[in-house]
Every structure is written in structure tokens, then in C-alpha cells.
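**Student:** In our numbering, the protein residues as written are 170 to 351.
(1) Would you kindly work out how many angstroms separate the C-alpha atoms of residue 318 and residue 264, rounded to a whole number?
(2) Three Cβ pairs or more, each shorter than 8 Å: is that satisfied between the region 171-191 and the region 277-293?
(3) If you compare alpha carbons, which of 277, 170, 297 is closest to residue 258?
(4) Alpha carbon to alpha carbon, what distance is there between residue 306 and residue 312?
(5) Alpha helix (DSSP H) containing residue 263: first to last residue?
(6) Here's a check: name, in chain order, each residue in its chain whose Cβ is nearer than 6 Å to the Cβ of residue 193, leaving out the five neighbours to either side.
(7) With DSSP run on the structure shown, which of helix, strand or coil describes residue 344?
(8) Beta carbon of residue 186, beta carbon of residue 340: below 8 Å?
(9) Helix or strand or just coil, what does DSSP make of residue 180?
(10) Which residues in the same chain have their Cβ closer than 8 Å to the Cβ of residue 246, if we skip the five residues on either side of it in sequence?
(11) Where do the ends of the beta strand (DSSP E) carrying residue 195 lie?
(12) Looking only at its chain, what residues have a beta carbon closer than 7 Å to the beta carbon of residue 204, apart from the 5 residues adjacent to it on each side?
(13) Could you check the C-alpha separation between residue 212 and residue 191 for me, to the nearest Å?
(14) Can you pull the DSSP bridge partners for residue 151?
(15) Give the range of the alpha helix (DSSP H) segment to which residue 286 is assigned.
(16) What span of residues does the alpha helix (DSSP H) with residue 224 cover, start to end?
In C-alpha cells form, the structure reads like this:
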């Protein structure tokens, strides 16, 4: 299976593009960190990301989501992911948390196995950021966070393919053209 990662700053439209890819029949894997935050906030934890164990829970959620996607039939053999463990590495840097051993192990596993395609789609920001319960950073902070993503992906040997701000359909077409699917 060919696995393609969508990354970028919070609010860059990754989830919207992922949904459009799913609507076209492609296998997708949603973002893990937002799901972990929502689950923990529902349990009364106001800012789950302040706990260094948060990164371990995100890593476990990412792996579980990918395992479910791997088990589903897909005749095209494509999978698009909203973030990856490399994004969790960037999140560790942003939060000032050490990279936990299980994330280090997961990064080693995915790079050694060539789990993802070597080019990653970097969705550039749309020029604004809508705050949510899970997204509590300013637009300016999100741009700094985006740079950490770029650094992490390059560190782990990935090539970034920029996807400029455009309509959702134009972005989907750009991604599908790059992977040879239209």
C-alpha cells in the first residue's frame, strides 16, 4: 500500500482535504492528536497536551488508526493520512517535551520500513486560524509550528511537496496528480 502524509500548520485545511479524498473513495486516516485531546477534555482534562505522557497516547492512537486502515480492503492501494508520528515529533519540540521512547521507536520503525511514501504533502496555511477547544494557538504561533514540521520531516528524510492555498478541489487535484491518480 502507498501511504501519503498530509501535514502543515493547524488550520491549513488538512482535515478538509482528507475528507474530500475520502469522498472520492480513497482510504484515509484521521488525525490522532485532536482525537486524544477531545477524549481527554471530555474526561475533564482541560489541557491534555501539558502532560508529557500526552505524546505517548498520541503515538498509540496513530498506530491504532493506521492498523485499522491497513486491515480495510482497498483496491487502489492508496492511503492518505492526516499527520504522522513525524508530526508528533514536531509537536514534542513545540511543546518542549522530550521525545518519549515509544515515539522514538515508532519513528525508527516507520523510517526503517519505508512505511510512508518519501514525499509528504505540506499544505500551506490559508491565512487565518479558527481557534477550537484543541487548537489554542495564534496564527503567528501556528507558522512557527509549521517550521518545526518542516524541520522534522527533513530530519527523517522526507521530501516536502508544497500544496498552496486554493479551493479544496484544486488541492485534491494537485495531490492526486502528484501520486499519479486522477
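Built from N, CA and C at the ideal position, the CB exists for glycine as well.
**Tutor:** Reading off the structure:
(1) Going by the C-alpha atoms only, they are around 13 Å apart.
(2) In short, these stretches touch, since the Cβ pair count reaches three.
(3) Measuring from the Cα of residue 258, the nearest candidate turns out to be 277.
(4) The straight-line gap from Cα to Cα measures roughly 10 Å.
(5) Run containing residue 263: 254-264, per the alpha helix (DSSP H) assignment.
(6) Excluding sequence positions up to five before and after residue 193, its CB lies less than 6 Å from no other CB in the same chain.
(7) Three-state result, residue 344: helix.
(8) Yes. Within cutoff.
(9) DSSP places residue 180 in coil when its eight states are reduced to three.
(10) Around residue 246: 170, 171.
(11) Looking at the DSSP string, residue 195 is not in any beta strand (DSSP E), and its letter there is neither H nor E.
(12) If you ignore the 5 residues before and after residue 204, its C-beta comes within less than 7 Å of the C-beta of 230, all in its own chain and listed in chain order.
(13) Taking the Cα positions, residue 212 is about 30 Å away from residue 191.
(14) The requested residue 151 does not occur in the structure, where the chain is confined to residues 170 to 351.
(15) From DSSP, residue 286 is part of no alpha helix (DSSP H); its letter is neither H nor E.
(16) Annotation for residue 224: the continuous alpha helix (DSSP H) segment containing it runs 223-240.
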